[in-house]
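Numbering (the working numbering), first residue to last: 934 to 1341. Built from N, CA and C at the ideal position, the CB exists for glycine as well. All values reported here derive from a predicted model rather than from experimental measurement. Worksheet for the structure shown next.
What follows is the structure in structure tokens.
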């Protein structure tokens, strides 16, 4: 009975947690201090099996390419850019020269400029030229639209940039087909609404100069095979029907074999790899967390076999611990259900350890209707940017072995 009182059991997860490891302190900690704190608290049973500090990196700058137009220079100056990172300059030079490229640099390294600059430059010099941007999600398309609109406002030549996806009103689609020069869409819309009716997009496809595919690493498995066939069909229509041969620009941040992947994805014979990251980067801590073993209650055979604690519960405790100690965090989950579970578990933990922080966490996942997504972006824009940038500069990245193995 005393042992049962000493240990608290989560009714939802069925995983025991020692009351001795529960932390009720809210003193701010730096990432390195948090790693030591976890070793002595939640991770005192040896859950942390590996720690690696990734050192910081200084930025490598280059001057703006001399062949850029004055309109482009003014557009860049309007968003505070007077020089480029080395990988951006290399990507721009290669794509303007007509070579297919894949930019494989770290997150938040300015990959958007690697394709926005050559695309807008080409569209501003050739009034008939068009470009196609393909993103895996609608949210990414909306983010890119805001960036493009901010840049094109400084151009002397007006370039119609429009999103063509499932949320586009039907009454606007005819105007977009007849007037847009930079079309932003996703693989499903390309498959269902554009390629089957390619005659309606003749103006765009016959003048297509660039095809940009961002987040190329997301095209894997069944989704990747589906997208690869769509891109092949797009290439055949452009070449055999309309006589256009667009240049491909791919971007990825987490692909181990980016060049081979995109060559297979788009059936290309040659792609130039750009991976010498010139962007600055703060130091990071990589922690590999192995959920502890525990014995299930009961007298059955199954209860005599040790089991690993739930990785979802472990992540919830780690997430709560970091929030308590002032570290801004992002927990990535595979599904909507897991997002909601981690949110519920973390709030339950914080209710006991730091009640005032319960409402400081929220979930942002797929499944929201367009109106909710847009209202979320408007209301959370400043805090979301702050959260994103701080996490990139200083954060502890935690994975569980169980989660890693499930992805292999």
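Within its chain, find whatever has a CB closer than 6 Å to the CB of residue i; leave out the 5 residues flanking it on each side and keep chain order.
{"i": "residue 887", "result": "For residue 887 there is no data in the structure shown, the boundaries of the chain being 934 and 1341."}
{"i": "residue 1022", "result": "995"}
{"i": "residue 980", "result": "1222, 1223 and 1225"}
{"i": "residue 1071", "result": "1098"}
{"i": "residue 959", "result": "1257 and 1287"}
{"i": "residue 1094", "result": "1081 and 1115"}
{"i": "residue 957", "result": "1286"}
{"i": "residue 1011", "result": "1087"}
By how many angstroms is the C-alpha of residue j removed from the C-alpha of residue i?
{"i": "residue 1184", "j": "residue 1116", "result": "17 Å"}
{"i": "residue 1124", "j": "residue 1163", "result": "6 Å"}
{"i": "residue 1060", "j": "residue 1291", "result": "54 Å"}
{"i": "residue 1047", "j": "residue 1240", "result": "48 Å"}
{"i": "residue 1268", "j": "residue 1296", "result": "12 Å"}
{"i": "residue 999", "j": "residue 1005", "result": "11 Å"}
{"i": "residue 986", "j": "residue 1216", "result": "7 Å"}
{"i": "residue 1200", "j": "residue 1173", "result": "16 Å"}
{"i": "residue 1039", "j": "residue 1107", "result": "38 Å"}
{"i": "residue 1075", "j": "residue 978", "result": "45 Å"}
{"i": "residue 983", "j": "residue 972", "result": "11 Å"}
{"i": "residue 1280", "j": "residue 1227", "result": "24 Å"}
{"i": "residue 902", "j": "residue 1084", "result": "For the chain, the structure presents residues 934 to 1341; residue 902 sits outside this window and is missing."}
{"i": "residue 1168", "j": "residue 1155", "result": "20 Å"}
{"i": "residue 1090", "j": "residue 1057", "result": "6 Å"}
{"i": "residue 1293", "j": "residue 1041", "result": "24 Å"}
{"i": "residue 1252", "j": "residue 1100", "result": "34 Å"}
{"i": "residue 965", "j": "residue 1220", "result": "11 Å"}
{"i": "residue 1242", "j": "residue 1160", "result": "37 Å"}
{"i": "residue 1282", "j": "residue 1250", "result": "7 Å"}
{"i": "residue 974", "j": "residue 1218", "result": "18 Å"}
I'd like to confirm the pairing. Which residues does DSSP put opposite residue i in its beta bridges?
{"i": "residue 1066", "result": "1117 and 1145"}
{"i": "residue 1133", "result": "Paired residues: none, contrary to the question."}
{"i": "residue 1035", "result": "1183 and 1206"}
{"i": "residue 994", "result": "1018"}
{"i": "residue 1226", "result": "1241"}
{"i": "residue 986", "result": "1218"}
{"i": "residue 981", "result": "1222"}
{"i": "residue 1195", "result": "None, per the DSSP bridge assignment."}
{"i": "residue 1096", "result": "1117"}
By Cβ distance, which residues of its chain are closer than 7 Å to residue i, with the 5 residues on each side in sequence left out?
{"i": "residue 1007", "result": "1087"}
{"i": "residue 1192", "result": "1035, 1204 and 1206"}
{"i": "residue 1024", "result": "1034, 1036, 1047 and 1207"}
{"i": "residue 961", "result": "1258 and 1259"}
{"i": "residue 1383", "result": "Given a span of 934 to 1341 for the chain in the structure shown, any question on residue 1383 remains unanswerable."}
{"i": "residue 1016", "result": "994, 995, 996 and 997"}
{"i": "residue 1273", "result": "1296"}
{"i": "residue 967", "result": "1255, 1258, 1260 and 1329"}
Identify, in the order they occur along the chain, each residue of the same chain with its Cβ nearer than 8 Å to the Cβ of residue i, setting aside the five sequence neighbours on each side.
{"i": "residue 1077", "result": "1045, 1066, 1068, 1117 and 1147"}
{"i": "residue 1213", "result": "989, 990, 991 and 992"}
{"i": "residue 1271", "result": "1245"}
{"i": "residue 1196", "result": "1202, 1203 and 1204"}
{"i": "residue 1028", "result": "1034, 1047, 1048, 1051, 1143, 1180 and 1182"}
Pull up the CB-CB distance for residue i and residue j, whole angstroms please, since I reckon it's below 8 Å.
{"i": "residue 1266", "j": "residue 1275", "result": "6 Å"}
{"i": "residue 997", "j": "residue 1049", "result": "With a Cβ gap of about 14 Å, residue 997 and residue 1049 do not count as contacting."}
{"i": "residue 1019", "j": "residue 1209", "result": "7 Å"}
{"i": "residue 1128", "j": "residue 1170", "result": "7 Å"}
Just to check, is the beta-carbon of residue i closer than 7 Å to a non-hydrogen atom of the ligand ZN?
{"i": "residue 1250", "result": "Absence of the ligand ZN is noted for the structure shown, with no ligands found whatsoever."}
**Message:** Would you call the stretch 1165-1181 in contact with the stretch 1141-1150, where contact means no fewer than 3 C-beta pairs closer than 8 Å?
**Reply:** yes
**Item:** Stretch pair the stretch 1281-1288 + the stretch 1251-1266: three plus CB contacts closer than 8 Å
**Value:** yes
**Asked** Contact between the stretch 1118-1133 and the stretch 1156-1174: three or more CB pairs below 8 Å?
**Response** yes
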